[in-house]
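Protein chains: 2
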Amino acid sequence: MSVRNIFYRSIKSRGLRLTAQRKAVIDCLVASKKPLSAEDIYLHVQRRGLGINLATVYRTLDTLVESGLAERVGMELHRAYYTLCRGRKHLHHFFCKGCGNSYDLPHCPVKERTTEDLIPEAFTVTSHRYEVYGYCGKCSS
Amino acid sequence: MSVRNIFYRSIKSRGLRLTAQRKAVIDCLVASKKPLSAEDIYLHVQRRGLGINLATVYRTLDTLVESGLAERVGMELHRAYYTLCRGRKHLHHFFCKGCGNSYDLPHCPVKERTTEDLIPEAFTVTSHRYEVYGYCGKCSS
DNA sequence: GAGTAAATGCGAATAATTTGCAAAAGGCGG
DNA sequence: CCGCCTTTTGCAAATTATTCGCATTTACTC
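Here the protein sequences come in this chain order: A and B.
Heads up, our numbering is the position in the first sequence plus 1, with the first residue counted as 1.
Heads up, our numbering is the position in the second sequence plus 1, with the first residue counted as 1.
What follows is the structure in structure tokens.
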């Protein structure tokens with residue numbers, strides 16, 4: 002089963018309706034290698050010839066986040082970016098404040114250490130957020 | 002020398018003017034144990050009987066951040082919070098989803114690696130965010 | 001104390017996101 | 001396949017945090 006279909010099913014299994022707009026937003030995020038803003042998604046979907054309203058994009062993204070299917074990242078750029086939560090594979094990002102692009106970081110601070118090393122006591126870690134901001138090669142110069 | 006005065010001096014040493022408004026914003030942040038939003042600061046200063054404009058609070062905070070004297074944190078919910086950088090110490094936190102407490106993390110993922118190791122190319126890093134969520138010892142059991 | 005550049009106040013402008021409401025459409029039962 | 005009922009969408013207007021332009025004020029240098 003394709004990644005798309007897994008998300009389609011997750012929508013339905015939560016009692017939500019699988020509308021054309023929701024499919025389009027999911028397809029867009031599945032196809033993207035980097036987190037996208039609501040406007041990015043809006044434009045991508047428009048370009049594919051599917052009509053969608055920006056408010057609907059926002060509402061769909063809220064729904065995905067509330068359902069635990071997507072994550073809101075990169076808030077320091079005065080704008081939210083969204084990325085799907087995919088199985089075990091998890092990534093962190095570098096956000097360029099110049100051009101707005103984002104790049105995968107090659108490491109994860111939590112994965113590379115044991116729990117004892119990570120925190121003072123034997124706490125239980127459920128999730129984490131790690132983001133680096135700055136300027137990419139082009140925008141630095 | 003008081004903490005206040007250290008910040009007052011830092012302002013001047015950067016060629017910036019030490020105005021009544023800047024003093025008020027700094028005093029407010031020095032007195033607070035937690036990060037404050039621009040509006041928090043605006044209201045606190047007003048309450049002390051000092052006139053200040055919200056735009057001035059924003060400009061002052063920008064100035065402090067650009068000068069490396071303050072940090073912008075907690076962008077989570079569409080609003081920025083500010084906290085003074087005290088000494089060289091910069092911290093990341095573990096947030097317990099059970100009791101809501103937060104604990105300092107003993108390490109920083111950015112500090113402990115070189116730029117080449119951190120990102121694909123020689124990008125410029127300006128800031129980062131690193132937060133771990135889970136349950137503390139008491140809330141785990 | 002005067003001159004000058006920097007900072008402030010004010011109001012209006014932005015930009016991202018949210019909301020109210022009527023119309024459209026998904027998905028259930030028949 | 002049809003209709004019903006509820007959810008979702010589109011649209012336009014509202015909100016919210018933050019920024020900007022510009023005239024006025026003020027800190028700091030000489």
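C-beta: ideal position from N, C-alpha, C; glycine also.
These numbers were taken from a predicted model, which means no experiment stands behind them.
Judging by CA-CA distance, which residue of the options is the nearest neighbour of residue i?
{"i": "B/A39", "options": "B/Y59, B/Q22, B/V31, B/I27", "result": "B/Y59"}
{"i": "B/V26", "options": "B/T61, B/K34, B/K35", "result": "B/T61"}
{"i": "B/N54", "options": "B/Y43, B/D63, B/G135", "result": "B/Y43"}
{"i": "A/V46", "options": "A/E77, A/C29, A/I12", "result": "A/C29"}
{"i": "A/G101", "options": "A/C137, A/L70, A/R18", "result": "A/C137"}
{"i": "A/L145", "options": "A/T57, A/H91, A/I12", "result": "Here chain A covers residues 2 to 142 and nothing more, so residue 145 of chain A does not appear."}
{"i": "A/Y104", "options": "A/R48, A/D63, A/S33", "result": "A/S33"}
{"i": "B/T84", "options": "B/R49, B/M2, B/F8", "result": "B/F8"}
{"i": "A/H79", "options": "A/G99, A/G69, A/L65", "result": "A/G99"}
{"i": "A/R15", "options": "A/E77, A/K112, A/T64", "result": "A/T64"}
{"i": "A/I12", "options": "A/L70, A/E77, A/K139", "result": "A/L70"}
{"i": "A/E77", "options": "B/S3, B/M2, B/Y131", "result": "B/Y131"}
Should residue i be flagged as near chain B, meaning a C-beta pair shorter than 7 Å?
{"i": "A/S128", "result": "yes"}
{"i": "A/E72", "result": "no"}
{"i": "A/Y59", "result": "no"}
{"i": "A/T64", "result": "no"}
Can you find a C-beta in chain A that's less than 7 Å from the C-beta of residue i?
{"i": "B/G16", "result": "no"}
{"i": "B/C137", "result": "yes"}
{"i": "B/V133", "result": "yes"}
{"i": "B/F124", "result": "yes"}
{"i": "B/P36", "result": "no"}
Taking Cβ positions, are residue i and residue j nearer each other than 7 Å?
{"i": "A/V31", "j": "A/R5", "result": "yes"}
{"i": "A/V133", "j": "B/H129", "result": "yes"}
{"i": "A/G75", "j": "A/F95", "result": "no"}
{"i": "B/L67", "j": "B/C86", "result": "Per the sequence shown, residue 67 of chain B should be read as Glu rather than Leu. No. Outside cutoff."}
{"i": "A/P110", "j": "A/Y82", "result": "no"}
{"i": "A/T127", "j": "B/G52", "result": "no"}
Decide if the stretch 19-38 of chain B is in contact with the stretch 122-137 of chain A; the criterion is three or more beta carbon pairs, one per stretch, under 8 Å apart.
-> no
If you scan the stretch 37-95 of chain A from start to end, which runs of the beta strand (DSSP E) of 3 or more residues do you find wholly inside it?
-> 71-74, 82-85
Scan the stretch 8-41 of chain B and note each continuous alpha helix (DSSP H) run of 4 residues or more that stays entirely inside, going in chain order.
-> 21-32
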